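**Student:**
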Amino acid sequence: MDDKPDGRNDNPASVGRRDLMIGATLATAPFAKAATAQVTATQEGMTGRTEVSLTVNGEAKRLSLDPRASLLDTLREELALTGAKKGCDHGQCGACTVHLDGRRIASCLTLAVQADGCAVTTIEGVSPEDGSLHPMQQAFIDHDALQCGYCTPGQIMAAIACVREGHVGNADEIREYMSGNLCRCGAYAGILAAIQDAASKMRAG
Amino acid sequence: MRPFTYARAGDEAAAIRAVSSGGRGTRFLAGGTTLYDLMKLGAEAPERLVDISALPGLASFDTAGPRELVFGAGARMSDVAADSRLVAEYPALSESLWKAASQQLRNMASLGGNLLQRTRCAYFRGGEPFACNKRTPGSGCAAREGIDRGHAVLGGSEACIATYPGDWAVALVAFDAVVDVAGPNGARTIPLQALHREPGTTPEVETSLARDEMILRIRVPATPLGRASTYHKIRDRESYAFALASAAVALWMEGDVVREARIALGGLATRPWRAQEAEAGLVGRPLTLEAARAAGEAALRNARPGHHNAFRIELGTRTVAEALLIAQRRA
Numbered sequence: 003m004d005d006k007p008d009g010r011n012d013n014p015a016s017v018g019r020r021d022l023m024i025g026a027t028l029a030t031a032p033f034a035k036a037a038t039a040q041v042t043a044t045q046e047g048m049t050g051r052t053e054v055s056l057t058v059n060g061e062a063k064r065l066s067l068d069p070r071a072s073l074l075d076t077l078r079e080e081l082a083l084t085g086a087k088k089g090c091d092h093g094q095c096g097a098c099t100v101h102l103d104g105r106r107i108a109s110c111l112t113l114a115v116q117a118d119g120c121a122v123t124t125i126e127g128v129s130p131e132d133g134s135l136h137p138m139q140q141a142f143i144d145h146d147a148l149q150c151g152y153c154t155p156g157q158i159m160a161a162i163a164c165v166r167e168g169h170v171g172n173a174d175e176i177r178e179y180m181s182g183n184l185c186r187c188g189a190y191a192g193i194l195a196a197i198q199d200a201a202s203k204m205r206a207g
Numbered sequence: 215m216r217p218f219t220y221a222r223a224g225d226e227a228a229a230i231r232a233v234s235s236g237g238r239g240t241r242f243l244a245g246g247t248t249l250y251d252l253m254k255l256g257a258e259a260p261e262r263l264v265d266i267s268a269l270p271g272l273a274s275f276d277t278a279g280p281r282e283l284v285f286g287a288g289a290r291m292s293d294v295a296a297d298s299r300l301v302a303e304y305p306a307l308s309e310s311l312w313k314a315a316s317q318q319l320r321n322m323a324s325l326g327g328n329l330l331q332r333t334r335c336a337y338f339r340g341g342e343p344f345a346c347n348k349r350t351p352g353s354g355c356a357a358r359e360g361i362d363r364g365h366a367v368l369g370g371s372e373a374c375i376a377t378y379p380g381d382w383a384v385a386l387v388a389f390d391a392v393v394d395v396a397g398p399n400g401a402r403t404i405p406l407q408a409l410h411r412e413p414g415t416t417p418e419v420e421t422s423l424a425r426d427e428m429i430l431r432i433r434v435p436a437t438p439l440g441r442a443s444t445y446h447k448i449r450d451r452e453s454y455a456f457a458l459a460s461a462a463v464a465l466w467m468e469g470d471v472v473r474e475a476r477i478a479l480g481g482l483a484t485r486p487w488r489a490q491e492a493e494a495g496l497v498g499r500p501l502t503l504e505a506a507r508a509a510g511e512a513a514l515r516n517a518r519p520g521h522h523n524a525f526r527i528e529l530g531t532r533t534v535a536e537a538l539l540i541a542q543r544r545a
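Quick look at the structure:
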């Protein structure tokens, strides 16, 4: 379940995958050969990087971003926070769920530039500093609420928000308010049990 | 994705000026849940985005007024869905919001942007090699000879049978809502009923808004029909899916007799679809099971099936009937 950043992404200053993808897009544009200079000028003129300030898991970050970048790609590729996952990249699966100013959102459908000035919390930021787990993380382990684990960071971020919103009154309400997070392994029974368990602990704690 | 420039507007007037003077490729950006999604698919390719999502004047809403409910276009779906007065007094409006999308998306999406949500037609979203008159005018309609299970049975044309996917607009149409919009030449008010267009021969033109007109607020006349109302949404799965058929229904009962009824259909038509003939047939009579069924049949009378969607005519009929009985229990 724990998916710490690995060595590949440790240096956000290095050329990222996204830069390479932008290069590839340009190279395959139908008019690239005929008017390379013009395209390059357009590219620079139009995507001129935008300065964005974010507070991510309590740390202030200042980034210079292509306006096209999603918050998800920014977290994963600029900040090496790979907990939030890219499942569908279209807001349909919930694997990318993070909290923006305390509310759960789909980070794949959020332009990073729109989050300028906001506080972002990812799965990497939910556990206390003493190294213990958030009650929701612990409950997911205790109730076997995952199999492959790919959807789990998004499930946990959605579940924490679900409790804070007060949408855990009964099993049906939890199912309704967790429906934005798909689990293709089908661990829903464990996820439901974990949320019910963690909800009481979060309220007590 | 095509490169674009991004700017955050300081106020409504500045946003309208920027979009108006920016030319054809300039668009308003609110929650982004539709626009950014379609940009990733190449179905939208704006050159300039003017972000109106943080404008403070658009975010508020007031459901307590004696004459009308007022919803700022920038209010988030989740906040409005949870409004306790809306839940109690206008359940159809609240349900149309919380039965749409997921809580993540409802936290992002604005009420105004939701009205302008574009179709989920897979040929429109997918593009090449499939023809789509909405995406590329004049290219044809792959859905007419393709998989049309989710496509419209009401309001379609030779050029397009794409379903209007939203829920909120359907409930608003039932309540005679209006939208206040502003553009470079001033403000105007449009009945919600006149906001969305049937596709006809120009399916790429989906609303009566100019490109540089911005929705400021939505207003709903206060009405005793609110309380006995429901938004009944039937889907392939119980939650987080678009409607196969839905009905926004509101009733004003005098004893057992219907004094006034409102019926609008979602998921079945190319635009939010008010069924006034079906409403009229209910007035002055007791609301029996048979009367509810007859209203459903009247609402779908002009429906035309395609290859794979005929079942949704009967489904829509039953959805209307069931919605009427749910609303009746709330009277």
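Sequences listed follow chains W and B, in order.
Just add 2 to the spot in the first sequence (first one is 1) and you have our numbering.
Just add 214 to the spot in the second sequence (first one is 1) and you have our numbering.
Note that the Cβ used here is the ideal one computed from N, Cα and C, for glycine as well.
Here the structure is a predicted model, which is why all the values come from computation and not from measurement.
Take G182 of chain W as the anchor and find which of B:A455, B:V294, B:T416 and B:E372 has the nearest alpha-carbon.
**Tutor:** Ranking the options by Cα distance to G182 of chain W, first place goes to B:A455.
**Student:** Under 6 Å Cβ to Cβ from G237 of chain B, same chain only, skipping five residues before and after it: list those, please.
**Tutor:** Result list for G237 of chain B: empty, nothing under 6 Å.
**Student:** Where does S129 of chain W sit, in a helix, a strand or coil, going by DSSP?
**Tutor:** DSSP places S129 of chain W in coil when its eight states are reduced to three.
**Student:** So is T112 of chain W in contact with chain B if we call contact Cβ pairs under 9 Å?
**Tutor:** Chain B, which has a Cβ nearer than 9 Å to the Cβ of T112 of chain W, makes this yes.
**Student:** Taking 9 Å as the CB-CB limit, is F456 of chain B close to chain W?
**Tutor:** Chain W contact via Cβ: absent.
**Student:** How far does the beta strand (DSSP E) with L503 of chain B in it reach, from first residue to last?
**Tutor:** Here L503 of chain B belongs to no beta strand (DSSP E); instead the alpha helix (DSSP H) covers L503 to A513.
**Student:** Distance cutoff 9 Å, beta carbons only. Does N328 of chain B sit that close to anything in chain W?
**Tutor:** So, not an interface residue.
**Student:** Spatial neighbours of V284 of chain B within its chain, please: CB distance less than 7 Å, with the 5 preceding and 5 following residues excluded, ordered by chain position.
**Tutor:** Result list for V284 of chain B: F275, D276, R431 and R433, in chain order.
**Student:** Of all the CB atoms in chain W, is at least one closer than 9 Å to the CB of Y445 of chain B?
**Tutor:** Answer no: the Cβ-Cβ gap between Y445 of chain B and chain W never drops below 9 Å.
**Student:** Starting from V387 of chain B, trace the alpha helix (DSSP H) both ways and give me its first and last residue.
**Tutor:** Residues W382 to A388.
**Student:** Measure the beta-carbon distance from R320 of chain B to R290 of chain B and round it to whole angstroms, keeping in mind my assumption that it falls under 8 Å.
**Tutor:** Correct: roughly 7 Å between the Cβ atoms.
**Student:** Helix or strand or just coil, what does DSSP make of T533 of chain B?
**Tutor:** Looking at T533 of chain B - three-state DSSP - the assignment turns out to be helix.
**Student:** Quick one: is T44 of chain W near chain B, going by C-beta distance under 9 Å?
**Tutor:** Residue placement at T44 of chain W cannot be trusted, given a pLDDT of 33 that sits under 50; what the coordinates show is reported in the next sentence. Judged by the 9 Å Cβ criterion, T44 of chain W is in contact with chain B.
**Student:** G520 of chain B: which of B:L249, B:L272, B:A376 and B:T240 sits nearest, CA to CA?
**Tutor:** The option with the nearest alpha carbon to G520 of chain B is B:A376.
**Student:** Under 7 Å Cβ-Cβ, which residues of chain B neighbour I107 of chain W?
**Tutor:** Per Cβ cutoff of 7 Å: Q318, N321 and M322.
**Student:** Can you name the residues of chain B whose CB is closer than 9 Å to the CB of R177 of chain W?
**Tutor:** The contacting residues are E452 and S453.
**Student:** Starting from the beta carbon of Q116 of chain W, find every residue of chain B whose beta carbon is closer than 7 Å, and list them in chain order.
**Tutor:** Ordered by position in chain B, the residues that pass the 7 Å Cβ test against Q116 of chain W are G246, D265 and S267.
**Student:** Roughly how many whole angstroms lie between the Cα atoms of A29 of chain W and R186 of chain W?
**Tutor:** Confidence at A29 of chain W is low in this model, with a pLDDT of 34, below 50, so its placement is unreliable and the value that follows should be read with caution. If you take the alpha carbons of A29 of chain W and R186 of chain W, they lie about 36 Å apart.
**Student:** What does M215 of chain B touch in chain W if you count any residue whose Cβ is under 7 Å from its own?
**Tutor:** Per Cβ cutoff of 7 Å: R70.
**Student:** Is there at least one Cβ from chain B nearer than 9 Å to E79 of chain W's Cβ?
**Tutor:** It does not: the Cβ of E79 of chain W has no partner Cβ on chain B nearer than 9 Å.
**Student:** If distances are taken between C-alpha atoms only, which option among B:V472, B:N399 and B:A373 comes closest to P417 of chain B?
**Tutor:** Nearest option by C-alpha distance: B:A373.
**Student:** Going by the CB atoms, is the gap between G481 of chain B and G440 of chain B shorter than 9 Å?
**Tutor:** Cβ atoms of G440 of chain B and G481 of chain B: not closer than 9 Å.
**Student:** Do L249 of chain B and L329 of chain B have their CB atoms nearer than 9 Å?
**Tutor:** No, Cβ-Cβ distance for L249 of chain B and L329 of chain B is not below 9 Å.
**Student:** Could I get the ranges of all uninterrupted alpha helix (DSSP H) runs contained in the segment 215-277 of chain B, with 4 residues as the minimum, in chain order?
**Tutor:** Here the runs fully enclosed are 226-236 and 249-254.
**Student:** To the nearest angstrom, how far is it from the Cα of L73 of chain W to the Cα of D91 of chain W?
**Tutor:** The alpha-carbon atoms of L73 of chain W and D91 of chain W are separated by roughly 11 Å.
**Student:** Assuming the contact rule is C-beta atoms closer than 8 Å, P379 of chain B and R334 of chain B should be a hit. Round their C-beta distance to whole Å, please.
**Tutor:** Correct: roughly 5 Å between the Cβ atoms.
**Student:** Alpha carbon to alpha carbon, how far is K87 of chain W from D470 of chain B?
**Tutor:** Roughly 54 Å between the two C-alpha positions.
**Student:** Which residue's Cα is closest to the Cα of A508 of chain B: B:A492, B:G400 and B:A287?
**Tutor:** Considering only alpha carbons, the answer is B:A492.
**Student:** Starting from the C-beta of G25 of chain W, find all residues in its chain whose C-beta is less than 7 Å away, skip the five residues before and the five after it, and write them out in chain order.
**Tutor:** With a pLDDT of 34 at G25 of chain W, under the threshold of 50, the modelled position of this residue cannot be trusted; read the value that follows with caution. The answer is none, since no qualifying residue turns up.
**Student:** Suppose you measure from the CA of C346 of chain B to the CA of V393 of chain B; what does that come to, to the nearest Å?
**Tutor:** Looking at the two C-alpha atoms, the distance is approximately 29 Å.
**Student:** On the DSSP letters alone, give me the boundaries of the alpha helix (DSSP H) that I375 of chain B sits inside.
**Tutor:** Counting along the chain, I375 of chain B falls outside any alpha helix (DSSP H), and DSSP gives it neither H nor E.
**Student:** For A196 of chain W and F218 of chain B, what's the separation of their Cα atoms in angstroms?
**Tutor:** Taking the straight line from one Cα to the other gives about 43 Å.
**Student:** Which value, in whole angstroms, describes the spacing of the CA atoms of L465 of chain B and P130 of chain W?
**Tutor:** So the alpha carbons of these two residues sit roughly 52 Å apart.
**Student:** Between the segment 262-282 of chain B and the segment 351-369 of chain B, are three or more C-beta pairs nearer than 8 Å?
**Tutor:** Short answer: they don't touch.
**Student:** Note down, in chain order, each residue of its chain lying with its Cβ closer than 8 Å to the Cβ of R411 of chain B, except the 5 sequence neighbours on either side.
**Tutor:** For R411 of chain B, where only same-chain residues beyond five positions count, the Cβ hits under 8 Å are V419, E420, T421, S422 and R485.
**Student:** I need the boundaries of the beta strand (DSSP E) containing S460 of chain B, first residue and last residue.
**Tutor:** First-last of the beta strand (DSSP E) with S460 of chain B: A459 to E468.
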